[in-house]
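A.B. asks: Questions regarding the structure given below will be posed in turn.
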Amino acid sequence: MTANTNFLAHLNSSQRRSVEHYCGALLVVAGAGSGKTRALTYRIANLIRTHHVDPAHILAVTFTNKAAKEMRSRIELLFAQQQAELKFGKPWGALDDYQQTQLRSHVYKTIIKDLWIGTFHGLFSKVLRFDIEKYQDEKGRTWNKNFSIFDDSDCQGLVKQIVVKQLDLDDKKFEPRAVRYAISTAKNQGLSPDEYSKQQNDYRGRVISDVYKHYQDALCANNALDFDDLLLVPVQLFRQNAQVLDYWHRKFRHILVDEYQDTNRTQYDLIQLLVTNGVDSKTFNNWEHRSIFVVGDADQSIYSFRAADFTILMNFQDDFGDSMPDDRTETMVKLEENYRSRENILAAANHLIQHNTQRIDKILKATRGEGEPIFLYKADNEIDEAEFVVSQIRKLLRENPELNYGNFAALYRTNAQSRPIEDAFVRSQIPYTIVGGLKFYDRREIKDIVAYLRAIANPNDTVSLLRVINTPRRGVGQTTIDNLQNAAQQLGVPLWEILNDETSVKTVAGRSSKGVLNFAEIINKWRSESETRPVVDIVTGIVEDTGYVHELQTQGTDEALERIQNVQELVNATIQFQEESDEPSLEAYLASAALSSDLDNLQEGKEAVSLMTLHASKGLEFPIVFLVGLEAGLFPSFRSLNDPMAVEEERRLCYVGITRAQEMLYLSHARERRLYGSREPAIRSQFIGELPPELLNSNLRTKIKAQTPDRTSPKDPKTVGKTNAQTTGWRVGDRVIHRSFGVGQISHVFGTGNKQSIAIKFPNLGQKIVDPKIAGLQKID
DNA sequence: ACAATGCTATTTTTT
DNA sequence: ATAGCATTGT
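If you're matching positions, the first sequence starts at 8 in our numbering and goes up one per residue.
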């Protein structure tokens, strides 16, 4: 047991309590930089090492694939380090490279391989590969295990088809994007088309529900699922098939969820079902050899647009925990010591976030000394702002030889803001990597090749077939395609059945049949090859047989050249996939491609400045951070301005940004910014005024002073009188009327007295959390 | 069947 | 500003 004591030694008491948690429920409220990844990885190691839990019984959910990868590798290292002592009697560092690799690969085979670590989407798409054939939806629709995963643009295309072609509606009035979003929201609330339909009583709602039905038909016809289905289908399957649920419930005895504040309803349902085997959480109490361990920070909840709901985190104590107050509870631990940022940075972050009304009370405690003041730069325009970033990077590099480009990050609200910064970096020859924006797998050429792969894996995937039936050009035009599709529809068979039948093609396609037949032949050839050959071979084979790269070469433009490069990168990606994956099937590759994000490719240790959105920066840290574009309407986004809860989310986003910084933080805003091509005047963000002025240095003469009144200040006339009459007495179930949201029903009450906030469900707006002191609430009897 | 031209929405954030 | 889209022309 010496190894154990050793390994728990460098943890503080809260971390230690988390790591040593064995059975039952535990909520770890983990502030930014408080060592939550360490808590998670150590706990998994401790379950296996101390409690002899079989790795195959552990399910760990992360927010990104990158986090999953990192978690695996950290756990691997922990075990490898232990075994270094056991097998070689030496500390890890004293081993040579060969011994290290040998140990790591041994650990991988015996432990890591069996752990289920991944994102919700990744993990449950894997579950579906096993069990989707046991699922049937309310209309009897079924899927098989070769299902395709449709990305956002595939889905939007489907919706557009339905709106315009099938229902003959105006796509100005029913924007595919908006309709798709509505369907997605319905799915995230766990509503099937029928259930959704029942809730609609206006025209628009009924149309959307109609589109939703057709949309499900289309997905089914393609044997395809969208992102939301990857979670919703397992929930429905678990509910309709007790044996399937029981199997996974027995398998996943220890469940860990990271970033719990950003889970949505469906994700919660999955966790709830797996933990309790379908029993109500409140009556469930069989925690023998079983645990649920979630880590999160309500202050970092920034995905409500994706239906994330941090009240799920705030309800954890009632759902799974002992519901005791904070000072007596056994099922919650707070990690409040911050090991990342300097005190000045933390003070700014703490100060800012206290402007929010709805949060779990928590403050980050500094452990690393005061540090430099925060610097605020007021730029003339976005170009000046970018040049400021450049000049500071140069200055800091000059003055601090230990720094390199990799220690810097520039964070912004929207992807479009990267442009001027990129331009400035190019001019100044500063190396940079940009994370996010256009994803690798969103590039046209990559989507083309992947469409071939999808069509090969899943003959019913008509969307993919249509994408590439004439790519590269093989003389198959729109009329031919229409004829083929009509034929398929008349016969009630998937398009592929027509393409695969020579006589049909010749009758329907006439002169164009040569191209169609050639296409079908290529698909057939590689479909049979795919049974034995690895994914790389299929990719290179497709590229070769279709003349895809050849066509690009004849074009010879710069753009074409870049596309060729990207195709080569795809080949490399498949090789890498094969090396890293323990199940290198075509289906598994396609799943990983569909669910991968650009973020996953961020290599640390590369000497380049990182550029990314604030959302993408969650979970990362950098010695020096530039937070740019702090302007009203940009950050906070103009879409949030009339919704107090949305502004709170923007503020949390700002909090996330600030807490990425370890040593130094630079904030900037421009007086004038180019937007859509024209210059627009800009005023600085309210968030700047919410930071403590004494921590800020600035290039301005005028002293910065707080201009926004403190919302909870008793000087605010609205908060006096009116509210004192009704600060207490809010109860779940009460019907209330809200100044701007209308009538709703209270679904939850958080906290007591002055710190109270309440969640209200509004029939059309969903759930909102409001501060009763400022919301102008009235109870209706 | 395909190229060229003009029009338009796009900008919140992403698994 | 610009890329992707739709409509038009060859």
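Where a beta carbon is used, it is the ideal one built from N, C-alpha and C, also for glycine.
Quick check: the Cα distance between L252 and L281, rounded to an integer number of angstroms?
C.D. replies: Answer to the nearest angstrom: the Cα atoms are 7 Å apart.
A.B. asks: Here's the rule I'm using: 16 or more other beta-carbon atoms within 10 Å means buried, otherwise exposed. How should A458 be labelled?
C.D. replies: buried
A.B. asks: Beta-carbon within less than 7 Å of I690's beta-carbon, same chain only, minus the 5 sequence neighbours each way: which residues are those?
C.D. replies: Residues of the same chain with a CB within less than 7 Å of the CB of I690, apart from the 5 flanking positions on each side, are E638 and A639 in chain order.
A.B. asks: Taking DSSP's pairing of strands, which residues face Y49 in a bridge?
C.D. replies: None; Y49 has no bridge partner.
A.B. asks: DSSP on G740, reduced to helix/strand/coil?
C.D. replies: coil
A.B. asks: With contact counted as at least three CB pairs below 8 Å, one residue from each stretch, are the stretch 27-41 and the stretch 50-60 in contact?
C.D. replies: yes
A.B. asks: Quick check on the burial criterion: 16 or more other C-beta atoms within 10 angstroms. Buried or exposed for Q485?
C.D. replies: exposed
A.B. asks: Just how far apart, CA to CA, sit A386 and V433?
C.D. replies: 20 Å
A.B. asks: Under the assumption that F154 contacts I139 (Cβ atoms under 8 Å), give the Cβ distance between them as a whole number of angstroms.
C.D. replies: The pair is a contact, with the Cβ atoms about 6 Å apart (cut-off 8 Å).
A.B. asks: Residue range of the alpha helix (DSSP H) that D104 falls in?
C.D. replies: D104 to T117
A.B. asks: Do the stretch 472-485 and the stretch 522-529 meet, that is, are 3 or more Cβ pairs less than 8 Å apart?
C.D. replies: yes
A.B. asks: Please look up how many angstroms separate the CB atoms of L263 and L698, rounded, as I've assumed it's under 8 Å.
C.D. replies: L263 to L698, Cβ: 35 Å. No contact.
A.B. asks: With a CB to CB cut of under 8 Å and the five nearest residues on each side skipped, what residues in its chain are close to G740?
C.D. replies: Q752 and I753
A.B. asks: Could you have a look at T440 and say whether DSSP puts it in helix, strand or coil?
C.D. replies: Residue state, collapsed to three classes: strand.
A.B. asks: Could you tell me which uninterrupted alpha helix (DSSP H) segments, each at least 4 residues in length, are contained entirely in the stretch 339-374, listed from first to last along the chain?
C.D. replies: 350-360
A.B. asks: On a CA-only basis, which of S41, Q89 and R45 is nearest R56? Give me that one, please.
C.D. replies: Q89
A.B. asks: Name the DSSP bridge partner or partners of F300?
C.D. replies: L33 and L263
A.B. asks: Secondary structure at L637, three-state DSSP: helix, strand or coil?
C.D. replies: coil
A.B. asks: For a test of the three-state rule: what should DSSP assign to G147, helix, strand or coil?
C.D. replies: coil
A.B. asks: Looking only at its own chain, which residues have a Cβ that is under 8 Å from the Cβ of V512, when we skip the five neighbours before and after it?
C.D. replies: L491, I505, L506, S520, V523, L524 and A527
A.B. asks: When burial is assigned at 16 or more other CB atoms within 10 Å of the CB, is H128 buried or exposed?
C.D. replies: Counting Cβ neighbours within 10 Å, H128 comes out buried, since at least 16 surround it.
A.B. asks: What's the call for A431, buried or exposed, on a 16-neighbour Cβ count within 10 Å?
C.D. replies: Residue burial is scored here from C-beta neighbours: A431 has at least 16 other C-beta atoms within 10 angstroms and is therefore classed as buried.
A.B. asks: Hey, how far is the Cα of Y346 from the Cα of A354?
C.D. replies: 14 Å
A.B. asks: Check whether the Cβ atoms of K420 and T666 lie closer than 8 Å to each other.
C.D. replies: Correcting the residue type first, residue 420 is Arg in the shown sequence and not Lys. Going by C-beta atoms, R420 is not nearer than 8 Å to T666.
A.B. asks: With a Cβ-Cβ cutoff of 8 Å, do I309 and E536 count as a contact?
C.D. replies: no
A.B. asks: At what residues does the beta strand (DSSP E) containing A416 begin and finish?
C.D. replies: F415 to Y419
A.B. asks: Drop a sphere of 10 angstroms on the beta-carbon of M331, count the other beta-carbons inside from all chains shown, and report buried for 16 or more, exposed for fewer.
C.D. replies: With fewer than 16 Cβ atoms within 10 Å of its Cβ, M331 is classed as exposed.
A.B. asks: Buried or exposed: where does D178 fall if 16 or more other Cβ atoms within 10 Å of its Cβ makes it buried?
C.D. replies: Only exposed fits D178, as fewer than 16 other CB atoms lie within 10 angstroms of its CB.
A.B. asks: Would you be able to state if there are at least three C-beta pairs under 8 Å between the stretch 674-693 and the stretch 401-416?
C.D. replies: The stretch 401-416, when compared against the stretch 674-693, does not touch it at the 8 Å Cβ threshold.
A.B. asks: My understanding is that R148 touches Q223, with C-beta atoms under 8 Å, so please give their C-beta distance in whole angstroms.
C.D. replies: 6 Å
A.B. asks: Taking DSSP's pairing of strands, which residues face R658 in a bridge?
C.D. replies: Paired residues: none, contrary to the question.
A.B. asks: Apart from the five residues on each side of it in sequence, which residues of its chain come closer than 8 Å, Cβ to Cβ, to L110?
C.D. replies: If we look at L110 and ignore the five residues flanking it on each side, its Cβ neighbours are A87, Q90, A91, K94 and L102.
A.B. asks: So for W99, helix, strand or coil by DSSP?
C.D. replies: Of the three classes helix, strand and coil, the one that applies to W99 here is helix, per DSSP.
A.B. asks: Restricting to Cα atoms, I'd like to know which of T318, R349 and T553 is closest to I367.
C.D. replies: T318
A.B. asks: If you check the beta carbons only, do Q268 and A228 fall under 8 Å apart?
C.D. replies: Against a cut-off of 8 Å, the Cβ pair of A228 and Q268 comes out as no contact.
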